[in-house]
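Respectively, the protein sequence lines represent chains A and B.
Read left to right, the first sequence gives residues 1 to 307 (the numbering used here).
Read left to right, the second sequence gives residues 308 to 657 (the numbering used here).
What follows is one structure encoded as C-alpha cells, with my remarks underneath.
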Amino acid sequence: MGRYVARRLLLTIPVLLGASFLIFAMVYALPGDPIRALAGDRPVSPAVVKVLTERFHLSDPLWVQYWEYLKALLSGDLGTDFRGRPVLDTIERTLPVTVKLTIVAVVFEAIIGIVAGVLAGIRRNSFFDNLVLVSTTVIVSIPILVLAFLAQLVLGLKLGWFPIAGTRDGLYSYVLPGLVLASGSLAYVARLTRTSIAENMRADYVRTARAKGLPNRTVIVRHTLRNSLIPVVTFIGADIGALLGGAIVTETVFNLPGIGREVFDAVRAQEGAVVVGIVTLMVFFFIFFNLVVDVLYAVLDPRIRYD
Amino acid sequence: MSTASTSAPSGPVRPGTGPVLEVDDLHVQFRTESGLVRAVNGVSYTVSAGETLAILGESGSGKSVSAQAIMGILDMPPAEITGGRIMFEGRDLLTESPEEQRKVRGPGISMIFQDALSSLNPVYSVGFQIGEMFRAHQGMSRKDAKKRAVELMDRVRIPAAAQRVNDFPHQFSGGMRQRVMIAMAIALDPRILIADEPTTALDVTVQAQVMDLLKDLQRDTGMGLVLITHDLGVVNEVADNVAVMYAGRIVERGTVDDVFSNPAHPYTEGLMSSIPQVEAKGGRLQPIGGQPPNLASIPSGCPFHPRCPKRRTGADALPGRHCAEDVPPLRLVVPGREAACHYSEEVLGV
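In C-alpha cells:
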C-alpha cells in the first residue's frame, strides 16, 4: 500500500506539469491586451507598457514564458499579478474561505444526502421515498446559478434566515452558499445511497444475516448499510476535490472572497500568473482527493488490494 | 439405556420424540406485475432428529421457496404465506411474533445456501461472521465469539483455523467457503439444518467432502437435515427419505431406496430415466419432454399432465380421475409410499 501511494504521488508531478502548461497556453491564447485591461480607460504611456511587457515576458513566445514561470516555481515563487502582489499571498488570503465553504458543503452533502438516501432505500415506494426522488430530480435539473439566486431571494431576503453575501457572520455566512454548492452532489448522494441500499437489501449475504437470526437492526446497519455506503463514501471523497475547484459560481454570487471568485476575476483581467497558480492548485486538490478515495476504497472493501 | 443402542448416534438424539419439524399444507404465493405466482401449493413433510430428508425437484418447483418460508426469510411482500402450519418442536412458527421467529433461526433451525461466496458478507472476516451467531444469540463478547469461531472452523475441518479466522471470504476456495457457511449454521447446535443446494456450485471431489462433513456433523449432533437439491446422485448417497416436488406440490414421497428403485409417479420415473447410466454408455439420455410449468398459470388437473406419457385425458380416463381436470391428491399408494397420481398403481406395477 505504501509503495502504491508513493507511486501515485509521483505520478501527480507530470499530471500537474501538463495541466499547468495547458492552463498557461489557454491564458496565452486569450484575446485582448492585459495591460490595456489593467489600465481601463486611462491612457498608458509607452514606457510603462514597455516595462510591464518585459517584466512579465508578454512579448515572448509561449514556451519561453512557460519556462520562465517554471524556473520561478522551482524556487517557490508563484509569480505576481500585474499589481505586483505575489500569487502565493493571494492564495493564502483566499484559500481558507474556499476550504470553509467546501467543509460546510460536504457536511450538508454527507449528512442530508445519506440520511435521505437511507430512509428512502429502506422504505422503497413509501411517501418519503417518492419525496426524495422528486425533490432530487428538481434540484438536479435547476442550474446552480438559478438555485443560488433563488436561495438568496427566498431564504435570505424574504425570510431573512441567512445572510445573503459576504463573510461578516463567520461560519454562519457559509451555510446558505454551502447548501447551494452542495445541492447537486447532495441529490446525487441521496440517490446513490438509495439505489445502493435497495440493491444490497436483495443481496444473498443479507438473506444469510436474516437466516442467522440476527436482530433486524443488525441486519440493516451491519450487513446492509456498511456495504451500501462504500460507493457513497468514495463519491463524497472524490467530490471534495471537485467542490474545492467548483465553487466559482457560488463564491461569485455570494460574494465570498475565495479562490473561485479570485480565479473568475483573474480570468477577466487576464492575470495569467494568478489563473495558472490557482487552477493548478485546484487540479492538485482533485488528483489528491482521488488518491485518498482509492486508498479509502481498499480500507472499506477488503477485496481491493493494491499490492 | 438399552445396550442394543450401539449404532445410535452419540449426540443429543432423543429417539421417540416424534418429528422435530412438521410442515403442514404450506401455501406460498408471489404477487408480481405479471400476476399471481403460486410457488408452493400445499406442501407437507416432517423431519425427525437424525433424519435426512431430500427435497428433489427442478428449478422453480418451489423447493427453495418452501425452505425460505420455514426459515421466515421470505421477502414479504412480494411473497405471501397464504396457508398452512410450520410446527417446530410443537409450536406453530407462523403464528409467532417476528421476534420469536428470529430466536428460532440459528439455535432451532438454520440454513446454508448454494453460493457461499455471495452468501457471505464480503467486508467482514469469516471469524467475525461465525462469531456473530454467539454475539446475537448468547450475548457473548467479540473476543470470546472469535475463539468459538476458531473452534467451529476446526470442527468443519478448515486447515489452520486459528490463522485463517481473520481472513475474508474471498480469500478462501469454494469448498472452504461452504465450510465457513456450515460452521456458521451449526454454531448453535440447531435441531434442523436446511441445506439449499449446498454442493451445486462446487466441483465433484469437493462436493463429496462437503457432503461427508454434513453427514458426520449430523451423526455427532443428531440434527435433522433437509437437503434441497436437484442432484439425484447426492440424494441417493446421503438421504433417508425423499420428497419429489413439481409445480409447488409434492408429487411423491418415500424412502430413497423405494423411490429410486420403483417410482410411483410418472415425473419421478422421468427423472430416474434421465440419469446417465454407466452401462448404457453411448446411448441417448431420456429427457422429460416439454417445459416446466409456468407457476403463474399452472395447468388444470394434474400439473404434470401436459408432459406425462401416461396421462389419461380421453375416454380411457376413469371417473373422477381425468388427468386434465381432476387434481390428484397425495395419497398412500403402498405402505410407506405416497404419490400424487391417479394411476400410481399402474406406474408402480402393483
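We put the CB at the ideal spot given by N, CA and C, even for glycine.
If you're wondering where the values come from, they're calculated on a predicted model, not measured in any experiment.
Shortest alpha-carbon distance to residue 453(B) belongs to which of 461(B), 435(B), 445(B)? In this structure, 435(B) is the residue among 461(B), 435(B), 445(B) with its C-alpha nearest to the C-alpha of residue 453(B).
Could you tell me which whole beta strand (DSSP E) segments of length 3 or greater appear in the segment 313-374 of chain B? Runs found: 326-339, 342-355, 359-363.
Given that residue 227(A) touches chain B, what residues does it touch there, using C-beta distances under 8 Å? Under the 8 Å cutoff, chain B gives 428, 429, 430.
Just to confirm, are residue 456(B) and residue 437(B) a CB contact at a threshold of 7 Å? Their beta carbons are under 7 Å apart, which means residue 456(B) touches residue 437(B) by this criterion.
Residue 280(B): buried (16+ other C-beta within 10 angstroms of its C-beta) or exposed? Because chain B here runs from 308 to 657, residue 280(B) falls outside it and cannot be looked at.
Going by alpha carbons, who is nearest to residue 125(A) out of 429(B), 393(B), 427(B), 384(B)? If we check each option's Cα against that of residue 125(A), 384(B) comes out closest.
Starting from residue 535(B) and walking both ways along the alpha helix (DSSP H), at which residues does that stretch end? First-last for residue 535(B): 531-536, but that is the beta strand (DSSP E), not the alpha helix (DSSP H).
Using 8 Å as the Cβ pair cut-off and three pairs as the minimum, do the segment 343-360 of chain B and the segment 372-388 of chain B touch? Flag = yes, the segment 343-360 of chain B and the segment 372-388 of chain B touch.
Comparing alpha-carbon positions, which option in 303(A), 298(A), 302(A) lies nearest residue 4(A)? Here the closest residue by C-alpha is 298(A).
Short-range partners of chain A found in the segment 331-345 of chain B, where Cβ spacing is below 8 Å: So nothing in the stretch comes that close.
Is it buried or exposed for residue 715(B), if we count other Cβ within 10 angstroms and need 16 for buried? This structure cannot speak to residue 715(B), because chain B is shown only from 308 to 657.
Please confirm if residue 71(A) has its CB atom under 7 Å from at least one CB of chain B. No - not a single Cβ of chain B is within 7 Å of the one on residue 71(A).
Which residues, taken in chain order from the segment 517-540 of chain B, show a beta carbon closer than 9 Å to some beta carbon of chain A? The segment 517-540 of chain B vs chain A, Cβ under 9 Å: nothing.
Can you round the beta-carbon distance between residue 185(A) and residue 109(A) to whole angstroms, since I take them to be within the 8 Å contact cut? Rounded to whole angstroms, the Cβ separation of residue 185(A) and residue 109(A) is 5 Å, and the two are in contact under 8 Å.
In three-state DSSP terms, what is residue 291(A)? For residue 291(A), the secondary structure class from DSSP, reduced to helix, strand or coil, is helix.
Step through the CB atoms of chain A and report whether any lies within less than 7 Å of the CB of residue 490(B). So, not an interface residue.
Of the choices 272(A), 225(A), 251(A), whose alpha-carbon is the least far from that of residue 177(A)? Answer by Cα proximity: 251(A).
In the DSSP output, what is residue 174(A) paired with across the bridge? None; residue 174(A) has no bridge partner.
Residues within the segment 376-392 of chain B neighbouring chain A, beta-carbon criterion of under 7 Å: Hits within the stretch, in order: 378, 380.
Classify residue 519(B) as helix, strand or coil using the three-state DSSP reduction. Of the three classes helix, strand and coil, the one that applies to residue 519(B) here is helix, per DSSP.
Per DSSP, what kind of secondary structure is residue 562(B) in: helix, strand or coil? Reduced to three states, the DSSP call for residue 562(B) is strand.
Taking just the CA atoms, how far does residue 237(A) sit from residue 296(A)? Near 9 Å, if we compare the C-alpha coordinates of residue 237(A) and residue 296(A).
Just checking my contact of residue 111(A) with residue 278(A) at CB under 8 Å: how many whole Å lie between their CB atoms? Not really, about 29 Å apart at Cβ, beyond 8 Å.
Whether residue 136(A) touches residue 190(A) by CB criterion (7 Å): Contact: yes.
Taking 7 Å as the CB-CB limit, is residue 425(B) close to chain A? With its beta carbon less than 7 Å from one in chain A, residue 425(B) belongs to the interface.
Pick helix, strand or coil for residue 4(A), following the three-state DSSP scheme. Helix, per DSSP.
Which residues, in chain order, does the segment 109-139 of chain A contribute to contact with chain B at a C-beta distance below 7 Å? So the list is empty, because no residue satisfies the distance condition.
With a threshold of 16 other CB atoms inside 10 Å of the CB of residue 651(B), please say whether the residue is buried or exposed. Result: buried.
If I'm right that residue 542(B) touches residue 361(B) with Cβ under 8 Å, what's the distance once you round it to whole angstroms? Residue 542(B) to residue 361(B), Cβ: 4 Å. Contact.
Please decide whether residue 205(A) counts as near chain B, where near means a Cβ-Cβ distance under 7 Å. Look at residue 205(A): its C-beta is under 7 Å from a C-beta on chain B.
What whole-angstrom Cβ distance do residue 332(B) and residue 351(B) have, given they're in contact under 8 Å? Indeed, because the Cβ distance is near 6 Å, the residues count as touching under 8 Å.
Alpha carbon to alpha carbon, how far is residue 74(A) from residue 291(A)? Give it in angstroms, no decimals. Going by the C-alpha atoms only, they are around 24 Å apart.
Answer yes if the segment 590-608 of chain B comes into contact with the segment 551-559 of chain B, meaning at least three C-beta pairs across the two stretches below 8 Å, and no otherwise. With contact defined as three or more Cβ pairs closer than 8 Å, the segment 551-559 of chain B and the segment 590-608 of chain B are in contact.
Any idea what DSSP makes of residue 507(B), helix, strand or coil? In the structure shown, the three-state DSSP call for residue 507(B) is coil.
Entirely within the segment 465-502 of chain B and at least 4 residues each: give me those alpha helix (DSSP H) ranges in chain order. If only complete runs of 4 or more residues are kept, the segment 465-502 of chain B shows the alpha helix (DSSP H) at 468-471, 481-493, in order along the chain.
Please return the same chain residues whose Cβ sits closer than 8 Å to the Cβ of residue 172(A), not counting the five positions on each side in sequence. The beta carbon of residue 172(A) sits closer than 8 Å to those of 162, 163, all from its chain and outside the five residues before and after it, given in chain order.
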